[in-house]
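Which chain is which? The protein sequence lines are A and B, in order.
According to the UniProt record's numbering, the first sequence holds residues 1 to 238 in order.
According to the UniProt record's numbering, the second sequence holds residues 1 to 107 in order.
Where is the CB? At the ideal position from N, CA and C, for every residue including glycine.
Written out below as structure tokens is the structure these notes cover.
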Amino acid sequence: MRAALLRELNEARAARRAVALETELSSGRQRLVRETGLEADPRGEAIASAFRSGKSASIETPDGAFFVNVHLPPPRLVVIGAVHISQALAPMARLAGYDMEIIDPRTAFASPDRFAGVPLYAAWPQDVLAARPLDAYTALAALTHDPKIDDFPLAEALRAGCFYVGALGSRKTHARRVERLGKGGLPEDAIARIEAPIGVDIGASTPAEIAVAVLGSIIAAFRKRRMRPERRGETPPR
Amino acid sequence: MSASDDVLATAERWMEEGRSGALATVVETWGSAPRPAGSHLIVDGQGHFEGSVSGGCVEGAVIAEAAQVIETGEPRMLEFGVADETAWQVGLSCGGRIKVYLERLEP
Chain A
1 MRAALLRELN EARAARRAVA LETELSSGRQ RLVRETGLEA DPRGEAIASA FRSGKSASIE
61 TPDGAFFVNV HLPPPRLVVI GAVHISQALA PMARLAGYDM EIIDPRTAFA SPDRFAGVPL
121 YAAWPQDVLA ARPLDAYTAL AALTHDPKID DFPLAEALRA GCFYVGALGS RKTHARRVER
181 LGKGGLPEDA IARIEAPIGV DIGASTPAEI AVAVLGSIIA AFRKRRMRPE RRGETPPR
Chain B
1 MSASDDVLAT AERWMEEGRS GALATVVETW GSAPRPAGSH LIVDGQGHFE GSVSGGCVEG
61 AVIAEAAQVI ETGEPRMLEF GVADETAWQV GLSCGGRIKV YLERLEP
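Next comes the structure, spelled out in structure tokens:
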């Protein structure tokens, strides 16, 4: 592999862009492929399928054999609210292999001694997300109950196509939230992607149990790509 | 999450340091192969290595082949498994089969 190509590949990975390295096995020729613009590609269909499954694969074509090595960004979890549930969720997320970070402008909540070792942003989501944008490989859980804090990142998560979007709150709270987001101009089918009540229905009651339920939902969404049907090949990629 | 990703960062660093090296990639697996397709192992001219293409069963053989690839620059396809005639030497204990593509890192 050429140094310039390796550098380009590592840059894309660092920037959380999904890329694939294609190698023509007979000649050793290589190129970097992005998720977009595959329609016109001679091996676009096979490459798109590798992106969807996240599995690298050898492909046989009339032009010869190729190896497609897909590099998907590692899943990330952004939690809005430095609350009791987040304290339980942080170590669980780490064990499950998800990079978790917490955003909460209320400095009394977002104090480092409550969240040892967890990236913590004591600032408004608007400001943090401008610098660290959400993407399709990120899950967002809004846990403050406070529309002033939760609404913006929820809308942003739906726009960015986060693989999971969940919000804490009763059915009544959520109904009011749906109304607000609708008035804010988000289409109904986008708002419907928010999981509320949040988490897998396991009858969770304590903060730690709710954290288990939330993590369960996130893992299911990531592994089954439930929130992004096109990623599972249920609808053709565009 | 994939550990193979850090191997590529190490490969870049090695090249910046002017070290010669080869990159091994699992390109196909059959049966219960220990590492999935896409897994990487890098080897430098002195035989130092990072990463893995199996659970440790065939790394030695890949490292030995890497010296040739670093010297000639010709990529190679290696195949390991129980069906391989050298299975008694470097077969996979898990019963799987893997194909490993070995290429030189070109500065």
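Between A:F67 and chain B, is the shortest Cβ-Cβ distance under 9 Å, so that the two count as touching? yes
Taking the alpha helix (DSSP H) that A:M92 belongs to, which residues open and close that run? Per DSSP, A:M92 belongs to the alpha helix (DSSP H) from 84-96.
Is A:D99 closer than 9 Å to A:P125 when the C-beta atoms are compared? no
Have a look at the DSSP bridge pairing and note the partners of A:A20. A:V33, A:V70
Going by alpha carbons, who is nearest to B:R19 out of A:A110, A:A3, A:L9? A:A3
Does B:R104 pass the burial test, meaning 16 or more other C-beta atoms within 10 Å, or should it be called exposed? buried
Distance between B:E50 and B:A83 (C-alpha atoms, nearest Å): Because the pLDDT at B:A83 is just 46, under 50, the model does not fix this residue reliably, and the value given afterwards should be weighed accordingly. Using only the alpha carbons, I get a separation of about 27 Å.
Mind listing, in chain order, the continuous alpha helix (DSSP H) runs of no fewer than 4 residues lying wholly within the UniProt domain "XdhC Rossmann" (77-218) of chain A? 84-96, 125-131, 147-160, 171-183, 188-191
Tell me the DSSP bridge mates of B:L23? B:I42, B:E103
Who does B:F80 pair with in a DSSP beta bridge? B:I98
Interface partners of A:G28 on chain B, CB under 8 Å: P75, E103
Chain A contacts made by the UniProt domain "XdhC- CoxI" (14-81) of chain B, where a contact means CB separation under 9 Å: M15, E16, L23, T25, V26, V27, E28, P36, A37, G38, S39, H40, E74, P75, M77
Report the rounded CA-to-CA distance for A:A90 versus B:T29, giving the unit in angstroms. The C-alpha of A:A90 lies about 35 Å from the C-alpha of B:T29.
Check the Cβ of A:S53 against every Cβ in chain B and list those closer than 9 Å, keeping chain order. Within 9 Å Cβ-Cβ: nothing; A:S53 doesn't reach chain B, min ~11 Å.
Beta-bridge pairing of B:A64 - partner residues as DSSP gives them: In DSSP, B:A64 forms no bridge with anything.
So is B:E85 buried or exposed if we call it buried at 16+ other beta carbons inside 10 Å? Per-residue confidence for B:E85 stands at a pLDDT of 49, beneath the threshold of 50, marking its modelled position as unreliable; the derived number appears in the next sentence. Burial call: exposed.
Do B:V43 and B:A67 have their CB atoms nearer than 9 Å? Result yes, Cβ atoms of B:V43 and B:A67 sit closer than 9 Å.
Residues of the region 20-44 of chain A whose Cβ lies closer than 8 Å to any Cβ of chain B, in chain order: T23, L25, G28
At a cut-off of 8 Å, would you count B:P34 as near the ligand FMN, judging by its Cβ distance to the nearest heavy atom? What this structure holds is no ligand at all, so the ligand FMN is not there to describe.
Suppose the cutoff is 8 Å on Cβ atoms and the five residues either side in sequence are ignored; what does the same chain contact list for B:E59 look like? L41, F49, S52, V53
Can you pull the chain B neighbours of A:R16, defined as C-beta to C-beta under 8 Å? Within chain B, no residue comes near A:R16; the closest Cβ sits about 12 Å away, beyond 8 Å.
Decide if A:K172 is buried, meaning its Cβ has at least 16 other Cβ atoms within 10 Å, or exposed. exposed
Go through its chain and collect everything with a Cβ distance to A:A155's Cβ below 8 Å, but skip five positions before and after it. Closer than 8 Å at Cβ, skipping near neighbours: L181, G184, L186.
Can you list, in chain order, the residues of its chain whose CB lies under 6 Å from that of A:A12, leaving out five sequence neighbours each side? Excluding its 5 nearest sequence neighbours in each direction, A:A12 has C-beta neighbours in its own chain below 6 Å: V19, listed in chain order.
Looking at the C-beta of A:L6, does it have a partner C-beta in chain B at a distance below 9 Å? yes
Run of the alpha helix (DSSP H) containing A:E11, from where it starts to where it stops: 3-14
Since A:V212 contacts A:A221 with CB under 8 Å, what's their CB separation in whole angstroms? Wrong, their Cβ atoms sit about 15 Å apart, outside the cutoff.
Check each candidate in A:V68, A:R193, A:E101, A:S217 and name the one with the smallest Cα separation from A:V118. A:E101
When A:G161, A:K224, A:D150, A:L21 are compared against A:R177, the one with the closest alpha-carbon: A:D150
With DSSP run on the structure shown, which of helix, strand or coil describes B:G31? B:G31 sits in coil when the DSSP states are folded into three classes, being neither helix nor strand.
Please tell me whether A:V128 and A:I103 are closer than 9 Å, where the distance is taken between their beta carbons. yes
Residues of chain B with CB under 7 Å from A:M1, in chain order? L23, E103, L105, E106
Chain-ordered neighbours of A:A46 on chain B, where CB pairs are closer than 9 Å: In chain order: nothing, as chain B lies at least about 13 Å away.
Tell me the rounded alpha-carbon separation between A:A141 and A:S53. 24 Å
From the DSSP output, read off the bridge partner residues of A:S56. For A:S56, which the question treats as bridged, DSSP gives no partner whatsoever.
Mapping DSSP to helix, strand and coil, what is A:P236? Since pLDDT at A:P236 reaches only 40, below the 50 mark, its modelled position is unreliable, and no value is offered.
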